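Going by my numbering, the sequence shown wraps up at 213, each residue one higher than the last. Reviewing the structure listed below.
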Amino acid sequence: MVADQPKGYHPRMSDYVTVNGARVGVLMGSASDWPVMGKTSTTLADLGITHECNVISAHRAPRRLESYCGGAADRGVQVLICAAGGAAHLAGVAAALTHLPVLGCPMKAWSTEGLDSLLSMAQMPRGIPVGTLAVGSAGAVNAALLAASILALSDADIRDALIAFRAAQSDATFPLPGAPGHSAE
Ligand code: RP5
29 MVADQPKGYH
39 PRMSDYVTVN
49 GARVGVLMGS
59 ASDWPVMGKT
69 STTLADLGIT
79 HECNVISAHR
89 APRRLESYCG
99 GAADRGVQVL
109 ICAAGGAAHL
119 AGVAAALTHL
129 PVLGCPMKAW
139 STEGLDSLLS
149 MAQMPRGIPV
159 GTLAVGSAGA
169 VNAALLAASI
179 LALSDADIRD
189 ALIAFRAAQS
199 DATFPLPGAP
209 GHSAE
């Protein structure tokens, strides 16, 4: 019996969304994280990685988080990406509840430009690691790319998609109209 939940509370699968074949689970502490974390989802989709996205707060819905993390590996999820702001314990608690690799995305919340979230994730005490990315959009995109790198170790399609993504990034050119040596348009 846990004091913070009604007596007899048991999370149901319907408390969160699952996607058949999902390899990555994206968790957020709040729907207010979605404008940034949508970039994680878009990047995963661009690489052809089936994933699922849920808002499950570690402090508002701890039993639901326990249920989700406890079942993730058995459903075939291989990486969790957790985003939260403030005293951002979502990634650390998720990492405590599963052996899967957990990547942390610190969100800018209401103060300190996200430094609070960054330190909450990066400064995990020894024993339970969280692979922490940069604050905000850069970390959100990089979390997807790092998840792809992990999955690429055993999935040739994802490896090819990641290599193609990086090649396109390297081949991109950046005209500076009007700058010395660049054309005017
Ligand atoms: C965290 O607090 C969330 O991850 C979010 O980044 C921040 C603010 O949440 P809301 O007050 O917008 O729900 O739990």
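Don't be surprised by glycine CBs; every beta carbon is placed ideally from N, CA and C. As the structure is a prediction and not an experimental result, all values here were calculated from the model.
Contact test: residue 66 Cβ vs ligand 1 heavy atom, cutoff 8 Å: For the purposes of this step, residue 66 is taken as the residue at position 38 of the sequence shown. No - ligand 1 has no heavy atom lying nearer than 8 Å to the Cβ of residue 66.
9 Å Cβ cutoff met for residue 22 and residue 75: The chain is shown from 29 up to 213; residue 22 falls before or after that span and cannot be answered.
Option in 202, 210 and 131 with minimal Cα separation from residue 170: As a working note, residue 170 is residue 142 in the sequence shown. Closest option to residue 170, Cα to Cα, is 131.
Through-space distance from residue 147 to residue 43, alpha-carbon basis: In the sequence shown, the residue the question calls residue 43 occupies position 15. In the sequence shown, the residue the question calls residue 147 occupies position 119. For residue 43 and residue 147, the distance between alpha carbons rounds to 29 Å.
C-alpha distance - residue 95 paired with residue 124, whole-angstrom precision: Numbered from 1 along the sequence shown, position 67 holds the residue referred to as residue 95. Numbered from 1 along the sequence shown, position 96 holds the residue referred to as residue 124. Approximately 13 Å between the Cα atoms of the pair.
Reduced DSSP secondary structure (H/G/I, E/B, other) of residue 212: Counted from its first residue, the sequence shown places residue 212 at position 184. Correct three-state label for residue 212: coil.
Any non-hydrogen atom of ligand 1 within 8 Å of residue 150 CB: Along the sequence shown, read from residue 1 onward, the residue named residue 150 stands at position 122. Answer for residue 150: no, Cβ out of range of ligand 1.
Completely contained beta strand (DSSP E) runs for the stretch 75 to 112, where each covers 3 or more residues: 79 to 83
Option in 105, 195, 194 and 213 with minimal Cα separation from residue 203: Position 175 of the sequence shown, counted from the start, is the residue given in the question as residue 203. The shortest Cα separation from residue 203 among 105, 195, 194 and 213 belongs to 213.
9 Å Cβ cutoff met for residue 40 and residue 105: Within the sequence shown, the letter at position 12 stands for residue 40. Within the sequence shown, the letter at position 77 stands for residue 105. Against a cut-off of 9 Å, the Cβ pair of residue 105 and residue 40 comes out as no contact.
From 49, 122 and 48, residue whose alpha carbon lies closest to that of residue 157: Reading the sequence shown from its first residue, position 129 is the one you call residue 157. Out of 49, 122 and 48, 122 has the C-alpha closest to the C-alpha of residue 157.
Cβ-Cβ distance between residue 69 and residue 118 below 9 Å: The residue labelled residue 69 in the question sits at position 41 within the sequence shown. The residue labelled residue 118 in the question sits at position 90 within the sequence shown. Contact: no.
Alpha-carbon to alpha-carbon, residue 183 and residue 191: Within the sequence shown, residue 191 is the residue found at index 163, counting from 1. Within the sequence shown, residue 183 is the residue found at index 155, counting from 1. Computed Cα separation, rounded: 12 Å.
Residue from 143, 48 and 193 whose Cα sits closest to the Cα of residue 115: As a first step, residue 115 must be located in the sequence shown, where it is residue number 87. Comparing Cα positions, the closest option is 143.
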